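A.B. asks: Chains as they are written, first to last, in my numbering: chain F, 49 to 450; chain E, 58 to 207.
Got a structure for you, written out below as structure tokens; questions coming shortly.
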Amino acid sequence: MSKSAKEWIQTPPFPTSHFVDSRIYTDESLFKEEQEKIFNKSWIIACHETELPGAYDYRTFSHPGGAPLIIVKGEDQKIRSFYNICPHRGNTLLYDPVGNAKRITCIFHNWMFDTKGNCLEISRGKQGYQDRYTCEDASLREVKTEIGYGGFVWVNIDDDAMSLKDYIGDSMNMLEEQLSMPLEVFHYHKAIVDTNYKLWHDTNSEFYHDYMHYFNRATGMIQPGYFDRKYTGYPNGHASVGSMEIKYDAYAGSKARSVGWPGLAPGGWVLIDIFPGMTFNLRTSVLRMDTAIPLGPNKLVIEFRGLGLKSDTPEQRAERIRDHNFIWGPFGRNLHEDLLGVHGQGRAMREGTDSKWVIHGREENSTIHDEVGMRHFYAEWSKKMNRPAFNPLGDNKLSKAA
Amino acid sequence: MREQITELIYKSFLTLDDLNFSGYIDLCHSSFNYKIGAYSPEIRKQMIWLQESRDSLKLLFENLPKHNSDHSRLSRLGNVYLINQESNGDWSALTFLQVFRTTLDGGASELFAVGKIKDKIREEGGTLKLLDRDIQLETRMFGFGHHIPF
Chain F
49 MSKSAKEWIQ TPPFPTSHFV DSRIYTDESL FKEEQEKIFN KSWIIACHET ELPGAYDYRT
109 FSHPGGAPLI IVKGEDQKIR SFYNICPHRG NTLLYDPVGN AKRITCIFHN WMFDTKGNCL
169 EISRGKQGYQ DRYTCEDASL REVKTEIGYG GFVWVNIDDD AMSLKDYIGD SMNMLEEQLS
229 MPLEVFHYHK AIVDTNYKLW HDTNSEFYHD YMHYFNRATG MIQPGYFDRK YTGYPNGHAS
289 VGSMEIKYDA YAGSKARSVG WPGLAPGGWV LIDIFPGMTF NLRTSVLRMD TAIPLGPNKL
349 VIEFRGLGLK SDTPEQRAER IRDHNFIWGP FGRNLHEDLL GVHGQGRAMR EGTDSKWVIH
409 GREENSTIHD EVGMRHFYAE WSKKMNRPAF NPLGDNKLSK AA
Chain E
58 MREQITELIY KSFLTLDDLN FSGYIDLCHS SFNYKIGAYS PEIRKQMIWL QESRDSLKLL
118 FENLPKHNSD HSRLSRLGNV YLINQESNGD WSALTFLQVF RTTLDGGASE LFAVGKIKDK
178 IREEGGTLKL LDRDIQLETR MFGFGHHIPF
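In structure tokens:
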């Protein structure tokens with residue numbers, strides 16, 4: 049029987065940890081709070097170290113907390129990060145996403161900085177500021193930066209943040225060996241979707257949506273071992289999913305993967321979600337890394353990277369690229385489906401649609417179709433936001449005994 | 058011959074626009090190779106995004122109904138810039154490509170992608186066929202994307 053308006057808004061018959069108010073995906077004030085309390089306090093992947101091959105090479109990065117960043121390798125080979133904001137009139141210092149800048153020079157008034165964030169020159173500084181304002185006052189704002197877990201460059205806006213090692217804890221243990229060798233990015237693209245970042249991370253945190261992917265149903269869901277894969281939750285909101293042997297040749301046109309990954313069983317697939325929006329997805333021959341960068345409550349940029357081993361032969365690399373593209377490339381079988389899914393959620397949940405609840409209620413002993421991965425995320429989200437995800441604005445009443 | 062080559066290229070767009078996949082495959086040589094690539098300034102690398110043979114592209118099309126896809130229509134607009142004959146008798150063509158996407162709901166059209174196509178064309182059984190199609194995209198962002206290549 050369909051529901052009346054009153055029934056539609058009744059809380060689902062689950063514990064309050066098993067559903068969320070859909071306003072957490074749409075509310076502008078909650079999003080601003082997330083930027084402050086979550087993104088500006090968390091370690092976020094800005095790029096990969098191989099994107100900065102030489103001294104003075106830089107990448108720019110739009111931090112999900114809001115700050116535009118420069119990630120730059122110094123003469124000393126150390127990678128540092130700074131606000132991409134000139135301390136003079138607030139101009140963007142480096143416009144291009146990538147480049148080489150021995151001197152970081154603002155195009156507006158030619159103020160100049162080195163790759164350690166020191167101001168080197170203020171044009172006609174003495175004449176204009178006398179001794180009231182010198183290069184000593186005009187350094188760039190540095191952001192904590194660490195390299196780790198496969199050579200990724202992580203940044204944290206919070207000067208007092210815990211170390212990256214403490215933040216990650218044991219959550220990356222399943223990939224410790226696999227990420228211990230030098231990696232290289234061979235694929236990068238972005239997608240902008242009208243959806244909330246959490247919905248993308250949710251999709252990476254539950255495998256029940258394999259029903260959406262014909263490829264995954266054929267090569268995984270109907271194969272032995274699929275329902276044995278288990279979720280494990282870790283402190284700080286991270287989660288991992290155990291492996292199985294994927295039968296790639298069960299899909300017409302696909303074939304068993306001939307290139308594997310050191311330390312990963314043939315056909316293996318390990319996935320690790322890092323709070324609040326990054327996913328390490330090692331699928332037999334390719335590591336995919338997603339970084340979710342929200343632009344607003346219902347606008348999301350996702351950065352997709354595909355990585356292989358730096359030691360790959362040309363033939364191995366070609367295999368990895370082919371494997372990547374088959375399901376994860378911009379024209380791949382799975383990626384479009386995942387994006388279509390969260391696009392549909394964004395459309396159905398945008399403000400004013402009367403979407404009310406999102407259910408994370410499946411319990412299957414933490415195995416693959418259990419929704420514990422999402423529940424684990426929202427427990428951390430609620431802690432960091434100091435408000436429960438099922439009642440984020442304090443105006444929901446529980447309809448039934450939960 | 059130039060007219061026939063231009064017509065072959067335009068027919069390849071029309072068949073895909075009409076979701077006439079077997080019609081498209083019929084335009085392809087038995088040794089057909091298809092590639093979509095793009096250069097990423099972010100990682101300073103040329104990327105391959107799709108690489109198919111005639112047979113694997115045919116399979117890709119045949120598998121489409123099993124997948125969940127956006128059903129917006131794509132319209133391909135090409136301008137054939139250059140046509141040259143190679144020393145082995147094959148022909149090469151350079152075409153500027155624009156792809157528009159039109160939503161099913163309301164029919165709003167938007168520019169979806171731009172790029173250039175390098176084709177190689179060979180005569181097979183008395184008919185001109187596409188031997189190689191190499192699409193180099195300028196566009197690298199497609200929103201939620203599309204399953205059907207260009």
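The C-beta atom is built at its ideal place from N, Cα and C for all residues, glycine as well.
Only a predicted model underlies this, so the values are computations on that prediction, with no experimental measurement involved.
1. Look up LYS445 of chain F in the DSSP assignment and say whether it is helix, strand or coil.
2. Classify LEU65 of chain E as helix, strand or coil using the three-state DSSP reduction.
3. Give the residues of chain F in contact with PHE89 of chain E, contact being defined as C-beta atoms less than 8 Å apart.
4. Can you tell me whether ALA340 of chain F is helix, strand or coil according to DSSP?
5. Any chance the CB of THR327 of chain F is under 8 Å from a heavy atom of the ligand NAD?
6. In chain order, what residues of the segment 326-341 of chain F put their CB closer than 9 Å to some CB of chain E?
7. Does the Cβ-Cβ distance between MET326 of chain F and ILE86 of chain F come in under 9 Å?
8. Okay, do the segment 376-391 of chain F and the segment 433-445 of chain F touch, 3+ Cβ pairs below 8 Å being the bar?
9. Once you ignore the five residues that flank GLU97 of chain F on each side, which residues in its own chain have a CB closer than 8 Å to its CB?
10. For GLU99 of chain F, would you say it is in contact with chain E, using Cβ-to-Cβ distances shorter than 9 Å as the test?
11. Name the residue from E:GLY163, E:LYS123, E:TRP106 and E:GLY146 whose alpha carbon lies nearest to the alpha carbon of ILE369 of chain F.
12. Looking at TYR131 of chain F: is its Cβ nearer than 9 Å to the Cβ of ALA149 of chain F?
13. What residues in the segment 238-254 of chain F bring their beta carbon closer than 7 Å to a beta carbon of chain E?
14. Run through chain F and tell me which residues come within less than 9 Å of ASP74 of chain E, C-beta to C-beta.
15. Would you verify that the beta carbon of PHE263 of chain F is, or is not, closer than 9 Å to some beta carbon of chain E?
16. Please list, in chain order, the residues of the segment 90-108 of chain E that have any C-beta partner in chain F closer than 9 Å.
17. In three-state terms, what does DSSP make of ALA165 of chain E?
18. What is the DSSP secondary structure of SER77 of chain F, counted as helix, strand or coil?
19. Going by C-alpha distance, which of F:ASP321, F:GLU293, F:THR401 and F:THR332 is nearest LEU355 of chain F?
20. State the Cα-Cα distance for the pair MET104 of chain E and PHE207 of chain E, rounded to the nearest angstrom.
21. Thinking C-beta only, is HIS417 of chain F closer than 9 Å to TYR256 of chain F?
22. From the beta carbon of GLU385 of chain F, is the nearest beta carbon of chain E less than 9 Å away?
23. Between PHE260 of chain F and chain E, is the shortest Cβ-Cβ distance under 9 Å, so that the two count as touching?
24. Step through the CB atoms of chain F and report whether any lies within less than 9 Å of the CB of PHE201 of chain E.
25. From the beta carbon of LEU161 of chain E, is the nearest beta carbon of chain F less than 9 Å away?
26. Runs of 3 residues minimum, wholly inside the segment 117-168 of chain F: which ones carry the beta strand (DSSP E) assignment?
27. Cα-Cα, which of F:PRO61, F:CYS154, F:LEU387 and F:ILE118 is closest to GLU99 of chain E?
28. Once you ignore the five residues that flank VAL171 of chain E on each side, which residues in its own chain have a CB closer than 6 Å to its CB?
29. From TYR28 of chain F to ASP443 of chain F, what distance separates their C-alpha atoms?
30. Is it a yes or a no for the segment 217-229 of chain F touching the segment 241-248 of chain F, going by three-plus beta-carbon pairs under 8 Å?
31. Assuming ASP338 of chain F contacts HIS286 of chain F under a Cβ cut-off of 8 Å, what Cβ separation, rounded to an integer in Å, is found between them?
32. Do ILE66 of chain E and ASP176 of chain E have their C-beta atoms closer together than 9 Å?
C.D. replies: By the coordinates alone:
1. coil
2. Reduced to three states, the DSSP call for LEU65 of chain E is helix.
3. Simply none; closest approach about 15 Å.
4. In the structure shown, ALA340 of chain F sits in a strand (DSSP, three-state: E or B).
5. The ligand NAD is absent from the structure shown, which contains no ligand whatsoever.
6. Taking 9 Å as the cut-off between beta carbons, none of the residues of the segment 326-341 of chain F comes near chain E.
7. no
8. no
9. Same-chain partners within the cutoff: ILE127, ILE195, GLY199, PHE200 and VAL201.
10. yes
11. E:TRP106
12. For TYR131 of chain F and ALA149 of chain F, no; Cβs fall outside 9 Å.
13. Flagged, chain order: LYS238, ALA239, ILE240 and VAL241.
14. By Cβ distance, chain F contributes nothing, its closest Cβ being about 17 Å from ASP74 of chain E, past 9 Å.
15. yes
16. Residues ILE93, ALA95, SER97, PRO98, GLU99, ILE100, ARG101, LYS102, MET104, ILE105, TRP106, LEU107 and GLN108.
17. Looking at ALA165 of chain E - three-state DSSP - the assignment turns out to be coil, as it is neither helix nor strand.
18. Three-state result, SER77 of chain F: helix.
19. With respect to the C-alpha of LEU355 of chain F, the residue from F:ASP321, F:GLU293, F:THR401 and F:THR332 having the closest C-alpha is F:THR332.
20. 16 Å
21. Yes, these two residues count as a Cβ contact at 9 Å.
22. yes
23. Per the sequence shown, the amino acid found at residue 260 of chain F is Met instead of Phe. Yes, because at least one Cβ of chain E sits closer than 9 Å to the Cβ of MET260 of chain F.
24. yes
25. no
26. Every beta strand (DSSP E) of 3 residues or more that sits fully in the segment 117-168 of chain F is shown, in chain order, as 127-131 and 146-148.
27. F:ILE118
28. GLN155, GLU195 and THR196
29. Limits of chain F in this structure are 49 at one end and 450 at the other, which puts residue 28 of chain F out of reach.
30. no
31. The Cβ separation is near 14 Å, so there is no contact.
32. yes
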